[in-house]
Each structure stands twice: as C-alpha cells, then as structure tokens.
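Protein chains in written order, with the numbering used here: chain A, 69 to 368; chain B, 41 to 340.
Think of the CB as a built atom: it goes at the ideal place given N, C-alpha and C, for glycine as much as any other residue.
Only a predicted model underlies this, so the values are computations on that prediction, with no experimental measurement involved.
The structure appears right after this line, and notes come after that.
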C-alpha cells in the first residue's frame, strides 16, 4: 500500500503537486459559551458552511461533504495524509481575550443522529439506522447542542461497540445548560468543570459503530445531536489575535503550526472524510471569535 | 542537483557564496474582503503593479523577466538547482488580521474582460499546452504541481456566477475543476474570486479533478447562473511554494525555515516568477503595507 519511504519522498511529493492546501474560517455564534465548554466548530458560519445537523429526527445520517474542510479525493491506491495544520484565533473585539489558549481536535465526522429531545425523561428514544458508519469500524461520540438548554439533564445511550456487539450501555452522562447550539453538552458531572469531549462508553469498549437508543433520566431542556467522529489530530491555539483601538495601539496574536511528521504522526485522511474541528474554550466565552487556519495534505 | 548534506549546504553558502535573498513589497490597492484570498499583482510597490497586457482570452506566459515586473532571481546552470531556505511575511494594516501568506510562482495568466465577464457561458482560452521542453514556460514539466485561481484584476460588479474551468491535466487528459464553485459579487480589485467565506468557495485554488496533480493547459472557463455585472479577471496558473505563512498581528514578521525543521527546501525553478497571495481573516484595510522576504541557495 502506498506511503512514504523517507523524508526525500515526503518533500518530493509536494514538488510533484501531490499536495493540497485548504483554508478554514469559522465564526462562533454570538451566544456566550463558558470556560471549559467544548464547541463544535462545524456548527458555526463561515467556510466551510455551517453544519446544523438538520435532517430527520433520530435518523442516522452522514454529514454532507460540503460541510467539511475541503480535501481532494484520492484515485486508485493513493493514500492521503495530514501534512500540517496552522491555526489562529481572532478575538471577538479589540479587547477580547477569552478565546486564548484553546485546545482543538481535528476529526472526521462520520455519522449523526439529530434532534434528540433532552426533555423526554423516561422515554426510550430509538434511533433509526438509516445509514451505516462510513470509513471506520467505530468512532467516538460527541453531544452537540442543537438549541439552548435550560437545565442539567442526564442520559445513557445504548450502542453497538467496535466489535459489533449490540446493547452496550454508556456511562451516565450529564448535559449542561448552554445558551445556544454548537456547544458540546456532555459532562461527567453536573458542573461545567466536568465537560467531556466524548460520551463515556461501557467498560472495555473503545468505540461506537452505531447508536440504538437514548434514555434521559433528568430533563435537559433542549435538543441535541449525537455525532460519531474519528479523532485525527490534536492541536491548539495560544494568544488571541486582536488590535486595540484606543490609547497606545497594541497588537496581540500568535499562530500555531504543526508539521505532523515532526510533531506527532501524519495521520491518514480517508477518502470521503468530512473534516471538522472541536475546540475547548479555556479562558471564557468563545462567542463571536473566529478560528482561522490552513490544512495541508500530502499523498503518495 | 541540490545539496548532498547540511555540510554541503553550508559550504555552498559560505565558501562559494551561492545564496541570495529578495524582498517583495506592496501597498494594497484595495480593501481585502474577510475570508477571501487576495493577490498582490495589481498593487503598487516593488515590483510594480501589473497591467495584464496581452490579448483577450489568451494565455500569457510569465517568468522572471516578465516585462510588467518580476523579482530578479537569476537562473542556474545545470546541474545546480536553487532552493528556498526560508521565507517570511508581514502585513501592516489597521484591520484584517490575522493573515496567511502563500508564496507562488506564477507561470502565466489568461485575462477575461468586458463581455467575457458580463455574460455567462463558455469562454475559450487560447493556449499552447505546457510541455517539457526546458523553456521557462515549461519549468514545471507538463504542468506538474500547477494550480488555478480566478482573480479580480479590477473592481467587480454585482452578482456571483458559478465558475468551472476545463483544463488538461499533466497527462493531457481533459478535466474540469470542481463543479458549483461560486464567484464573489462586487469584489474588490485583487480578490481571488473562487475563495470566500461561504459554501462552494475554495481557496486559494480551485480544486482539481480526482487524481490530478497539475495543469498543462487552460481550455476554457464557464460562467453559470447570473453573470457579473462588470469587471475583469485573470485566470492565474501558479505553483504554490512552501506552506502558507501565518501573520497573527499587524507588523509581526513571521518566518518559515525550510532547512532546520523538516528539510523540504522547496525548489525555485529557472524562470520562477514569484509573487504572493494573502488570506484575510477580517476585512483588510486598503493601503496596507505588505512585506515578504525569501532566502535561497543553490548547489551543484
């Protein structure tokens, strides 16, 4: 199977045009998020266009490719890898600092189940297996708010695990109070401090192939989507980019650059991948901040 | 050949003096649009603003002797080859940060004006396909690694038609860029029209067909939907060199080192006509000052 045999081959592929650069620019909605909230950047406006998980309630669906950061499709036996990510976060105002120091995760968005009612206490909300998980045998599950939610809910989900065993039961998961869609609502506790990127699985499981049902035991007061993703690469942004407008004008900002072959692993990006980013607001609200960056891929 | 080792690189630079550096400076001709890439060809500076001479809808090859202005990097005598060792960029503007800067070698362009822009339909381009003769226009044999962008070279009128380019790939097969890409209405002079902050926008370059690594011939451009009310565009044929350089804040000079990270040493081919593309996160102030430096060395 195609790959790279050495550093020279890695560099030569770029010279031969076997590379692609895409930019992304996503503006977090104006509803405030809290420090330690994860957000799903695909949910917000920009390029690529916003992904609201808007399809039939509870029916499994694939995220449209146009909602992901554009990457080329491979032909034949070619394999595409992540070469580099560069990212910066622009502040929402000349004095805003709360978008600094974000943790981020690039993921392949595989499958989602939209419009799960977090108020349906005691009801078995059965998912409809309309389509199967693409590209991977299993993935991790994120809970994306599709509305504001007014209360701390609790739920478990049943799912088929990475080995194809159905009826597995997730950890009891709390949902948080959030001001709008796009925030990940999952938490290990009733407090924001317990925010989780992924729903905890039954002991011994490493992934989810499909979700069978969701049962709430406490009402969350909103709607959410469960999304199966394949985490690809963890990165971060540091100082927010901004320029003051009064007094002595001062500029702030930093870029982070990750050359995967040097800094971690040049993870493979599979044909049809829908690339999106999950971020963690470390210092406060991410509302109206802008995440901008480039993704470079390389293939052999 | 390039360099056999780090010792060889140091010897060629320090003993044989086979190194040089250049600076590109521009004053932005118009405001840059948020989420768009922008070219600097029509901006004044050193090198001067280009006027895009030549016949309508006809490919004009450009190299480092282009009469409208080119950075005077010399050519090497075989077997020596020239390589970037570092490149850096800065932008000074009251608004627009953060930015990305992409160094490119522009191999040529085909301009479209008047009714070739203000009407929809297929606009045929006259061009002799790029071959492998060793002439400057063939510096990327059979167009290997070349990419396409549609650039405003004057202020554009209202409406945003779709655009699709038919081209010959490196094997001479007829292909088309990704369908559905949308231009930008009322774009400022300098805007890369295929880029932007919405669905069906791709930047800095139009996605090629599956499996393609370059462009040897621009066959035609087809406008669909509602035509631009007015304006002039140039189809740019470019080789991106190195990765986009992030500029997090106004006045900050950021440098990529191509030797001491992963040694990629992007090649500057004989005839290279270097210019830059800029990505605006926010709307960049008209009249902003752009600087870019690049260092290179040659061996053999």
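Per-residue burial, residue i [other beta carbons within 10 Å of its own, 16 or more giving buried]
i: residue 317 of chain A; result: exposed
i: residue 333 of chain A; result: exposed
i: residue 302 of chain A; result: exposed
i: residue 110 of chain A; result: buried
i: residue 293 of chain B; result: exposed
i: residue 330 of chain A; result: exposed
i: residue 134 of chain A; result: exposed
i: residue 50 of chain B; result: exposed
i: residue 300 of chain A; result: buried
i: residue 61 of chain B; result: exposed
i: residue 301 of chain B; result: exposed
i: residue 126 of chain A; result: buried
i: residue 73 of chain A; result: exposed
i: residue 257 of chain B; result: buried
i: residue 192 of chain A; result: exposed
i: residue 47 of chain B; result: exposed
Beta carbon of residue i nearer than 8 Å to that of residue j
i: residue 79 of chain B; j: residue 236 of chain B; result: no
i: residue 285 of chain B; j: residue 92 of chain B; result: no
i: residue 254 of chain B; j: residue 315 of chain B; result: no
i: residue 151 of chain B; j: residue 272 of chain B; result: yes
i: residue 199 of chain A; j: residue 179 of chain A; result: yes
i: residue 223 of chain B; j: residue 244 of chain B; result: no
i: residue 292 of chain A; j: residue 253 of chain A; result: yes
i: residue 199 of chain B; j: residue 274 of chain B; result: no
i: residue 153 of chain A; j: residue 361 of chain A; result: yes
i: residue 147 of chain A; j: residue 205 of chain A; result: no
i: residue 149 of chain B; j: residue 69 of chain B; result: no
i: residue 137 of chain A; j: residue 346 of chain A; result: no
7 Å Cβ cut-off: residues of chain A touching residue i
i: residue 238 of chain B; result: 115, 117
i: residue 46 of chain B; result: Within chain A, no residue comes near residue 46 of chain B; the closest Cβ sits about 13 Å away, beyond 7 Å.
i: residue 307 of chain B; result: 83
i: residue 319 of chain B; result: 91
i: residue 304 of chain B; result: 79, 82
i: residue 280 of chain B; result: 89
i: residue 322 of chain B; result: 158
Chain B residues whose Cβ lies nearer than 8 Å to that of residue i
i: residue 363 of chain A; result: The contacting residues do not exist; residue 363 of chain A stays about 10 Å from chain B at best.
i: residue 134 of chain A; result: 239, 240
Under the three-state DSSP convention, the category residue i falls into
i: residue 314 of chain A; result: coil
i: residue 139 of chain B; result: strand
i: residue 193 of chain B; result: coil
i: residue 52 of chain B; result: helix
i: residue 142 of chain A; result: coil
i: residue 106 of chain B; result: coil
i: residue 115 of chain A; result: strand
i: residue 135 of chain A; result: helix
i: residue 313 of chain B; result: coil
i: residue 181 of chain B; result: helix
i: residue 324 of chain A; result: strand
i: residue 156 of chain B; result: helix
i: residue 109 of chain A; result: helix
i: residue 217 of chain A; result: strand
i: residue 64 of chain B; result: strand
i: residue 195 of chain A; result: coil
i: residue 273 of chain A; result: coil
i: residue 330 of chain A; result: helix
i: residue 254 of chain A; result: strand
i: residue 262 of chain A; result: helix
i: residue 252 of chain B; result: coil
i: residue 185 of chain A; result: strand
i: residue 68 of chain A; result: Since the first and last residues shown for chain A are 69 and 368, residue 68 of chain A lies out of range.
i: residue 152 of chain A; result: strand
Neighbour list for residue i in chain B, Cβ cutoff strictly below 9 Å
i: residue 261 of chain A; result: Those do not exist, as residue 261 of chain A stays about 30 Å from chain B at its closest Cβ, beyond 9 Å.
i: residue 250 of chain A; result: Residues of chain B passing the Cβ test: none, with the nearest at roughly 17 Å.
i: residue 153 of chain A; result: Per Cβ cutoff of 9 Å: no residues; residue 153 of chain A is ~10 Å from chain B at best.
Under 9 Å by beta carbon: chain A residues contacting residue i
i: residue 137 of chain B; result: 156, 158, 309, 310, 311, 319, 321
i: residue 274 of chain B; result: What residue 274 of chain B touches in chain A: nothing, since even the nearest Cβ is about 20 Å away.
i: residue 254 of chain B; result: 84, 85
Proximity test, residue i beta-carbon vs the ligand MN heavy atom, cut-off 7 Å
i: residue 42 of chain B; result: In the structure shown, the ligand MN is absent, as is every other ligand, since no ligand is present at all.
Contact list for residue i against chain A, beta-carbon separation under 8 Å
i: residue 250 of chain B; result: 140, 141, 142, 143
i: residue 117 of chain B; result: Ordered by position in chain A, no residue passes the 8 Å Cβ test against residue 117 of chain B, which lies about 20 Å from the chain.
i: residue 75 of chain B; result: 93, 114, 115
What are the residues of the segment 320 to 341 of chain A that lie near chain B, defined by any Cβ-Cβ distance shorter than 8 Å? 320, 321, 322, 323, 325, 327, 329, 330
Please list, in chain order, the residues of the segment 283 to 301 of chain B that have any C-beta partner in chain A closer than 9 Å. 283, 284, 285, 286, 287, 288, 289, 290, 291, 292, 294, 296, 301
Interface positions of the segment 138 to 149 of chain A facing chain B (Cβ-Cβ less than 8 Å), listed along the chain: 138, 140, 141, 142, 143, 144, 146
Could you run through the segment 223 to 247 of chain B and flag, in chain order, every residue whose CB is less than 9 Å away from some CB of chain A? 235, 236, 237, 238, 239, 240, 241, 242, 243, 244, 245, 247
Against chain A, which members of the segment 137 to 157 of chain B pass a CB distance test of less than 8 Å? 137, 138, 140, 142
Could you please tell me which residues of the segment 177 to 207 of chain B, in chain order, have their CB closer than 9 Å to any CB of chain A? 180, 183, 184, 185, 186, 187
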